[in-house]
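In what follows, a single structure is set out as structure tokens and then discussed.
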Amino acid sequence: MSASDLVRSSLRGTAVSLRRMPGSVAASLVLVLLLIVLSGISPFLEPVALTKDLALGVTPAGTAGHPLGTDTLGRDVLLMSMAGTASAIVGPVAVALGSTLLGIVFGITAAWRGGLWDAVVSRACEILLALPVTLLAIVVAGILGGGYWVTVAVLVLLFAPSDVRMVRAATLQQLPRPYVESALALGMPTGRILTFHLLPNVAPIIWANLFVNVAFALVSLAGLSFLGFGVSAQAADWGRQLADGRAFIFQNPAASVVPGVLVIVAAAAINVAGDWASSRSERRAAR
Amino acid sequence: MAARLAQAVGVLMVLSVIVFSLLHMAPGDLVKNLVGTRRVTDEIRRAIVEHHGLDRPVVVQYLTWLTRAVRGDFGTSVRSGAPVLDVIGDRLPLTVGLTLLAFVLAVGIGIPLGVLAARRRGTGVDRVVTTSAVVGISAPGFALGLLLLHVFAVTLRWFPTHGGGEGVADRVWHLSLPALALAVGTAAMLVRITRAAVAHELSQDYVLFARSRGLGRRRTSLMVMKNAATPVLTSAGLVLGALFGSTVLVEETFSLPGLGQLLADSITFKDVPVVQAIVLLVAAVIVGVTLTVDLLVLAVDPRQLDHRARRRPIR
């Protein structure tokens, strides 16, 4: 089968499963797509959204020119929420990719080599896993106080242990399989066996986990900025908006309710889409 | 068992080292942090350096702090000047109350719904329960809390918007919205785990055998529940630890003067002794809960004892 045939048949497969897709999944995929588009254009929205109108101050939803009202600095809530998408999406995606990469590197090598290396990696993971990620993230990000990307790096480190464990377990399951033995018997270099033989076989689990990590990182990052750690006070960010909006919830509830709903909807959409993707890949693997 | 205990102590030790070194790596002048808003004269600086032994190597400082901490002396709070244990003691009851209330709600909602979904697997009921669980897992306590606050406290005025309340009944009334916000995510997680565990047991041969032998519904489901209890118990324990991390956020949402808010404020003010003590206290609770859960699981299912022998890696 030529490459174009392969693409065509997989596209046909997608079309069939699209028709059978449950409504909630379809809605989630649309939402995820919308979030990606919004986070692409939000850097251009940010300067406009952060324009202050101190004379205006807090106004309720429905004010002329401001459908969701304004905050204490007279900034438009709708524009702020749209501009906050990048901050809500880009960091979590980076966290998920980073921790997955660490998970692959440490998980596969620990399972493959065993012995001392495995013991060191496993014990380190166990210690980090014994503690709640949220609490540790609050303490570390709060103390270091280094801004958005430092916080993202902290979350990568805190998310990695569970990924390492997962990849290690999946690799251990693959090791006794005949294809590994035959690769070894052929005298292939270790790096080649790990990257081209083992990795593709653990990949489905990694993909499924990636979505869960993005959703969880989104919630963690928003929580940190809600507490005032992780993003600068001026930035357009949902967690930040939520915290600020609490102070004038009686004057303009939309200022805190809207970013709150956005956090929940975004995380739920990513989780539903991830669930669907993982059950699909499971079914394909079972075939 | 001794090994398990040693492991628990090891986790606490490593954590105390991490937190201690973190606080020393923190940007800013430690002396300035300790003095707070007062002006730092050379005299004051010398006195503080001497009092806290800041001129000694970090390792010595850590060991001094550790030996005092083991004896129950966690120093004095930089912000309030009161002993750290007193400061924490003031805030502890509210957070413990909130966490327990949330835990009871989560277990009371999550486990029955999970069992229901497993028994009705593939039906509409199952689909509704599992979909709501995904949404529940995605909804962080602080965002959900804000929605609850808006609907039930600001718009409907059924509940207070802030404060911890006086007396038992008033306190429960003040804590019910925050506890609900805190419980939803945990309940959702328990739904998924319970559903998976019960569904797995229901598909086992012994259930079919018991039914074919004409055993009553009650006796069979008792067997199923007992076997499904291990994963559910384990995760319920783990979840209790995770609850605390979210308490910080929920307390902030509802302006509750609990341990979580104390932690957030202490981090902002760089109140080093308080942060250290709270992190260690929480870690000790979590390690303790995990240990208790392990023992409970053994009591429910003694077969787990031989698992150790089989857990060795294949290679």
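Going line by line, the protein sequences match chains A and B. So the numbering used here is basically just the index in the first sequence, starting at one, shifted up by 22. So the numbering used here is basically just the index in the second sequence, starting at one, shifted up by 9. The beta-carbon is built from N, C-alpha and C at its ideal position, and this holds for glycine as well. Since the structure is predicted, the reported quantities are computational estimates derived from the model, not experimental observations.
Which value, in whole angstroms, describes the spacing of the CA atoms of Leu90(A) and Ala277(A)? 7 Å
Mind pulling the chain B residues with CB within less than 7 Å of Phe272(A)? Val163
Could you work out which residues of chain B lie near Gly164(A), taking near to mean beta carbons separated by less than 8 Å? Ala273, Ile276, Thr277
Listing by chain order, which chain A residues have their CB less than 9 Å from the CB of His159(B)? Ile271, Pro275, Ser278, Val279, Gly282
Please list, in chain order, all residues of the same chain as Ala77(A) whose beta carbon is under 8 Å from its beta carbon, the five residues on each side excluded. Gly96
Suppose you measure from the CA of Ile323(B) to the CA of Val47(A); what does that come to, to the nearest Å? Note that Ile323(B) has pLDDT 38, beneath the 50 cutoff, so the model's placement of it is unreliable and the number below is only indicative. One C-alpha to the other measures close to 40 Å.
Within chain A, partners of Ser255(B) - CB distance below 7 Å: Thr156
Output, in chain order, the set of chain E residues within a Cβ distance shorter than 9 Å of Arg268(A). This model lacks chain E altogether; the protein chains it does include are A and B.
Contact under 8 Å by Cβ, Leu60(A) with Thr107(A): yes
Using the C-alpha atoms, what's the distance from Phe233(A) back to His316(B)? Here His316(B) scores only 48 on pLDDT, less than 50, and its place in the model should not be relied on; the value that follows carries that caveat. Those two C-alpha atoms are separated by around 32 Å.
Within 10 angstroms of its Cβ, does Ala126(B) collect 16 or more other Cβ (buried), or is it exposed? buried
Buried or exposed for Asp51(B), going by 16 or more other Cβ atoms inside 10 Å? exposed
Anything in the segment 228-251 of chain A with a Cβ closer than 8 Å to a Cβ of chain B? List those residues in chain order, please. Ala237, Val241, Ala244, Gly245, Phe248, Leu249, Gly250, Phe251
Could you have a look at Thr92(A) and say whether DSSP puts it in helix, strand or coil? strand
Just tell me which of Leu100(A), Leu51(A), Ser121(A), Val54(A) has its CA closest to the CA of Thr73(A). Leu100(A)
Taking CB distances under 8 Å as the criterion, tell me whether Ser109(A) reaches chain B. no
Taking buried to mean at least 16 other C-beta atoms within 10 Å of its own C-beta, is Arg319(B) buried or exposed? Caution is warranted here: a pLDDT of 42 is assigned to Arg319(B), below 50, making its placement in the model unreliable, and no coordinate value can be reported.
When we look at the beta-carbon of Gly84(A) and count the other beta-carbons within 10 Å, is it buried (16 or more) or exposed? exposed
Tell me the residue span of the alpha helix (DSSP H) that contains Ala162(B). Run containing Ala162(B): none; DSSP gives neither H nor E here.
Identify the residues that DSSP records as bridge partners of Thr85(B): which are they? Pro92(B)
What's the C-alpha gap between Thr301(B) and Leu150(A)? 19 Å
Cβ-based neighbour list, Asn274(A), same chain, cut-off 6 Å, excluding 5 preceding and 5 following: Val80, Pro82, Gly91
Closer than 9 Å, Cβ to any Cβ of chain B: which residues of the segment 205-225 of chain A, in chain order? none
Answer with yes or no whether the minimum CB distance from Asp185(A) to chain B is below 8 Å. no
Can the beta-carbon of Leu31(B) be found closer than 8 Å to that of Val279(A)? no
Of the listed residues Thr164(B), Leu268(B), Val58(B), Gly145(B), nearest to Met198(B) (C-alpha basis): Gly145(B)
Could you name the residues of the same chain whose beta carbon sits closer than 7 Å to that of Leu252(B), not counting the 5 residues immediately before and after it, in chain order? Thr108, Ala111, Phe112, Leu191, Thr195
Quick test of the definition: if touching needs 3 or more C-beta pairs under 8 Å, does the segment 192-207 of chain A touch the segment 281-288 of chain A? no
Counting only beta-carbon separations shorter than 8 Å, does Ile160(A) have a partner in chain B? yes
So Trp182(B) and Phe168(B) are in contact, right, with Cβ under 8 Å, and what is the actual spacing, rounded? 7 Å
Buried or exposed for Met104(A), please, with buried defined as at least 16 other CB atoms from any protein chain shown within 10 angstroms of its CB. buried
Counting only beta-carbon separations shorter than 8 Å, does Ile97(B) have a partner in chain A? no
For Val296(B), which residues from the same chain have a beta carbon less than 8 Å from its beta carbon, with the 5 sequence-adjacent residues on both sides left out? Ala17, Val20, Leu21
Under a three-way DSSP split, which group does Asp98(A) fall into? strand
Tell me the DSSP secondary structure of Thr140(B) in three-state form. helix
Identify the residues that DSSP records as bridge partners of Thr85(A): which are they? His88(A)
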